[in-house]
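Written out below as structure tokens is the structure these notes cover.
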Amino acid sequence: MAGEIDGETTLVLVSAIFVLFMTIPGLALFYGSLVSRKNLFDTMLQSVILTGTIPILWWMVGYSLCFDTSQHPLVHYVGGFGKALLEWGEDSTAAGITESAFCVFQLTFGIITAAIATGAVAERALLWPTMLIANLWFLLVYCPVCHMVWGENGLLLRWGVLDTAGGLVVETCSGVTALVLCYFVGPRSHPSDDPDTHRGVLHIMGAAFLWVGWLAFNGGSAYTSGARASTTVLNTLLAGSAGGLGWLACAAMSSCHRHGMLHLTATFHLMGGAVGGLCAATPSSGYVTPSGSLLVGMGAGVLCYYADHKFMSRCLVPRGIDDVVSVFPVHGVGGLWGTLATGLLAVERVGGVKGAIQGNWKQVGIQAASMLVVCLWTTVGTTLITFFVSRITKLRASHQEELTGLDTRPHGQQGLKKLSKRMLNQGGCVDEASSEDENDTSMVDDESVEEDSTNAMT
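Per our numbering, the sequence shown starts with residue 99, numbered consecutively.
Structural data, given as structure tokens:
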């Protein structure tokens, strides 16, 4: 009846709020903790800007390109314009809930996917050209992939692909995009600072927002308040926990043992693994059992660790692919593994579809073929968009700007530096504040000299 809101709609609306919290402040804090203090503001601002621009594109044509059902020659690859400007009837529904609730929930997915991808080129890519790429990418890459996987006439949905909440649409798409962006922008001239206590705090806060929000991210995708949603939430939590422990165990056996398990780097290992496990749970949580979800999460923790610390550092970084915040090894690898594992471990009594564990090996082939389609579409689309933008504007900051930090010159900000000094002084930590003041003073002096020399040249 018009005007009434049922339990399913309420669940999705609340989930949408939590998913938006994953982007601001969750992802902003998480990415901010992984870059140098002199690039903190610039990196966090990416998430804020995209939260402002993506909803406008979603209103214009984004939602229609994803979920419009009108017939046209490319109906299996992208939606039409029948729902442009979000025009629908008062009693219109989608996925069994009010269409406006479905629309806003899916919008939050688009926002965070674009924000995830652009973080890979932090610390050297200029903000506004990166935002231009992200918004074009949203329309030309994300929306078609979303339609193919979840749209009523989508190619991959017709094949029978299983993807609870975006292992292909969100994780794989953003991970592959990150590699392409890194190729065009090139590596950093200077590596990030070593993690310090302040960045560790930001890291825990950001990861906590992501972890909690992910329960709504996946649970809301059930579009029901019944057993399916409950199982999805449970599986998500288990996969995140297993992923964190899996990554941490690999780190302990590799190098973390030199410092002890409670060293600051252990925090980054634990949270990185948890995010990897959550990425793997994104496609699988609605189709596997809790025991299967533990396997998915543990496998993601191990695979993402070796992708980040072995494959990236030994194979891609020497070739100029410098993924600052580990988008591909965490989101990309986690999403791909979770998508494949869904075909392996799907159980009929959970999600209504049998996987290889119950004799349906065809599902594994469907998952693998869908992964290939998404990777190809994303690679080609992102390459064309980035090449086009690089022809009309400069993508990368100058060596001088990169050296002094993207906070200081373009934004006139000092990131965490001045804030941390105030907090230490107010807290009475005189000795620590003094030592940090000395470091900050030397940094400021260096920046002043560089600015003076630049002004003189100008």
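Even glycine gets a Cβ: it sits at the ideal position worked out from N, Cα and C.
Subject >> Near the ligand ZN: A349 beta-carbon under 7 Å from a heavy atom >> reply: Among the components of this structure there are no ligands whatsoever, and the ligand ZN is therefore not found.
**OP:** Quick one: measure Cβ to Cβ for S382 and T262, integer angstroms, because I've assumed they're closer than 8 Å.
**Re:** As a working mapping, residue 382 is identified with position 284 in the sequence shown. As a working mapping, residue 262 is identified with position 164 in the sequence shown. A Cβ-Cβ separation of about 7 Å places S382 in contact with T262 under the 8 Å criterion.
**OP:** For the segment 442 to 459 and the segment 242 to 250, state whether three or more C-beta atom pairs, one from each stretch, are separated by less than 8 Å.
**Re:** Because the criterion of three Cβ pairs below 8 Å is not met, the segment 442 to 459 and the segment 242 to 250 do not touch.
Subject >> Length of the line joining the Cα atoms of I231 and T484 >> reply: In the sequence shown, residue 231 corresponds to position 133, counting from 1. In the sequence shown, residue 484 corresponds to position 386, counting from 1. Cα-Cα distance, rounded: 6 Å.
Original post:
Ends of the alpha helix (DSSP H) at R222?
Top reply: Position 124 of the sequence shown, counting from 1, holds the residue named residue 222. Run containing R222: none; DSSP gives neither H nor E here.
**OP:** Give every residue of the same chain whose Cβ lies closer than 6 Å to the Cβ of L392, excluding the five residues on either side of it in the sequence, and list them in chain order.
**Re:** Position 294 of the sequence shown, counted from the first residue, corresponds to residue 392. Answer for L392: L336, A340, listed in chain order.
**OP:** Leaving out five residues on either side along the sequence, give the residues of the same chain with a beta carbon under 7 Å from the beta carbon of A213.
**Re:** To locate residue 213, count along the sequence shown from 1; it is residue 115. Excluding residues within five positions, the ones whose Cβ falls inside 7 Å are T121, L125, Q144, S145, L148.
**OP:** Decide if P289 is buried, meaning its Cβ has at least 16 other Cβ atoms within 10 Å, or exposed.
**Re:** Position 191 of the sequence shown, counted from the start, is the residue given in the question as residue 289. Answer is exposed; the Cβ neighbour count stays below 16.
Subject >> Residues sharing a beta bridge with R494, DSSP >> reply: Residue 494 sits at position 396 when you count from the first residue of the sequence shown. Answer is A223, bridged to R494.
Original post:
For E106, which of G178, G177, S198 has the nearest alpha-carbon?
Top reply: Here residue 106 refers to the residue found at position 8 of the sequence shown. Of the listed residues, the one whose Cα sits closest to E106 is S198.
Subject >> First through last residue of the alpha helix (DSSP H) which encompasses S172 >> reply: In the sequence shown, the residue the question calls residue 172 occupies position 74. Looking at the sequence shown, residue 172 is not Ser but Leu. No alpha helix (DSSP H) holds L172; DSSP gives it neither H nor E.
**OP:** Buried or exposed for I490, please, with buried defined as at least 16 other CB atoms from any protein chain shown within 10 angstroms of its CB.
**Re:** Translated into positions along the sequence shown, residue 490 becomes position 392. It counts as exposed.
Original post:
For E500, which residues of its own chain have a beta-carbon under 6 Å away from its beta-carbon, when the five flanking residues on both sides are left out?
Top reply: Numbered from 1 along the sequence shown, position 402 holds the residue referred to as residue 500. The answer, listed in chain order, is R222, S287.
Subject >> Residues near V117 in its chain [Cβ-Cβ closer than 8 Å; skip 5 each side] >> reply: Looking up residue 117 in the sequence shown gives position 19. Closer than 8 Å at Cβ, skipping near neighbours: F203, T206, F207, I210, G311, A314, F315, G318.
Original post:
Between which two residues does the alpha helix (DSSP H) harbouring W157 extend?
Top reply: Taking the first residue of the sequence shown as 1, we reach residue 157 at position 59. According to the DSSP assignment, W157 belongs to no alpha helix (DSSP H), since it is labelled neither H nor E.
**OP:** Could you tell me the distance, in whole angstroms, from the CA atom of D529 to the CA atom of T295?
**Re:** Numbered from 1 along the sequence shown, position 431 holds the residue referred to as residue 529. Numbered from 1 along the sequence shown, position 197 holds the residue referred to as residue 295. Residue placement at D529 is flagged as unreliable, the pLDDT there being 42, under the threshold of 50; a coordinate-derived value is accordingly withheld.
Original post:
Of all the CB atoms in chain B, is at least one closer than 8 Å to the CB of V146?
Top reply: The chain labelled as chain B is not found in the depicted structure, where only one protein chain is given.
Subject >> Cutoff 7 Å; reference G178; Cβ partners in own chain excluding five residues on either side >> reply: Counting from 1 along the sequence shown, the entry for residue 178 is found at position 80. These residues qualify, in order along the chain: S162, D166, S168, H170.
**OP:** Can you tell me which of A220, G284, C201, W345 puts its alpha carbon nearest to the alpha carbon of S134?
**Re:** Position 36 of the sequence shown, counting from 1, holds the residue named residue 134. Measuring from the Cα of S134, the nearest candidate turns out to be A220.
Subject >> First through last residue of the alpha helix (DSSP H) which encompasses L97 >> reply: Residue 97 lies beyond the residue range present for the chain, which begins at 99 and ends at 556; the question has no answer from this structure.
Original post:
What runs of the alpha helix (DSSP H), each 4 residues or longer, lie entirely inside the segment 389 to 466?
Top reply: Runs of the alpha helix (DSSP H) spanning 4 or more residues and lying entirely within the segment 389 to 466 occur at 431 to 443, 446 to 449, in chain order.
Original post:
Per DSSP, what kind of secondary structure is T196 in: helix, strand or coil?
Top reply: To locate residue 196, count along the sequence shown from 1; it is residue 98. It is a strand residue.
**OP:** Identify which residue in G453, S496, A347 has its Cα closest to the Cα of T387.
**Re:** Your numbering for residue 387 matches position 289 in the sequence shown. Just measuring C-alpha positions, the residue of G453, S496, A347 sitting nearest T387 is G453.
**OP:** Just confirm the distance between the C-beta atoms of V422 and G374, as a whole number of angstroms; I'd bet it's less than 8 Å.
**Re:** Here residue 422 corresponds to residue number 324 of the sequence shown, with the count starting at 1. Here residue 374 corresponds to residue number 276 of the sequence shown, with the count starting at 1. In this structure V422 is not in contact with G374, their Cβ atoms being roughly 17 Å apart against a cut-off of 8 Å.
Subject >> Own chain, CB closer than 6 Å to L127, minus 5 neighbours either side, in chain order >> reply: Locating residue 127 in the sequence shown gives position 29, counting from the first residue. Close CB contacts of L127 within its chain, under the 6 Å cut and outside five residues either way in sequence, are with L300, M303, G304 (chain order).
Original post:
P227 to Q456, Cα distance in whole Å?
Top reply: In the sequence shown, counting from the first residue as 1, residue 227 sits at position 129. In the sequence shown, counting from the first residue as 1, residue 456 sits at position 358. Going from the Cα of P227 to the Cα of Q456 covers about 49 Å.
Original post:
Can you tell me the Cα-Cα spacing of G284 and G418, whole angstroms?
Top reply: For this step, residue 284 is matched to residue 186 along the sequence shown. For this step, residue 418 is matched to residue 320 along the sequence shown. If I take the Cα positions, the gap works out to 6 Å.
**OP:** Look at the alpha carbon of L189 and the alpha carbon of V247, and state the distance between them as a whole number of angstroms.
**Re:** Counted from its first residue, the sequence shown places residue 189 at position 91. Counted from its first residue, the sequence shown places residue 247 at position 149. The question names Leu, but residue 189 in the sequence shown is Asp. Between D189 and V247, the C-alpha separation is close to 25 Å.
Subject >> Simplified DSSP state of T211, which is helix, strand or coil >> reply: Along the sequence shown, one-based indexing puts residue 211 at 113. In the structure shown, T211 sits in a helix (DSSP, three-state: H, G or I).
Original post:
Along the chain, where does the alpha helix (DSSP H) that runs through H301 open and close?
Top reply: The residue labelled residue 301 in the question sits at position 203 within the sequence shown. Following the DSSP letters along the chain, one finds H301 inside the alpha helix (DSSP H) bounded by residues 295 to 317.
Subject >> Exposure label - Q498; buried when at least 16 CB within 10 Å >> reply: By 1-based counting over the sequence shown, the position of residue 498 is 400. Classification of Q498: exposed, given that the 10 Å Cβ count is below 16.
**OP:** Determine the direct distance from the alpha carbon of G265 to that of A379, and round the result to whole angstroms.
**Re:** One-based indexing of the sequence shown puts residue 379 at position 281. One-based indexing of the sequence shown puts residue 265 at position 167. Their Cα atoms are separated by approximately 8 Å.
Subject >> For W257, the nearest candidate out of Q465, N137, R297 (CA to CA) >> reply: For the purposes of this step, residue 257 is taken as residue 159 along the sequence shown, with counting starting at 1. Of Q465, N137, R297, the residue nearest in Cα terms is Q465.
Subject >> Under the three-state DSSP convention, the category T275 falls into >> reply: Taking the first residue of the sequence shown as position 1, residue 275 is located at position 177. Here DSSP, grouped into helix, strand and coil, assigns T275 to helix.
Original post:
Quick one: what does DSSP say T216 is sitting in, helix, strand or coil?
Top reply: Looking up residue 216 in the sequence shown gives position 118. Correct three-state label for T216: helix.
Subject >> Helix, strand or coil at T191 [DSSP, three-state] >> reply: The sequence position of residue 191 within the sequence shown is 93, counting from 1. In the three-state reduction of the DSSP assignment, T191 falls in the strand class.
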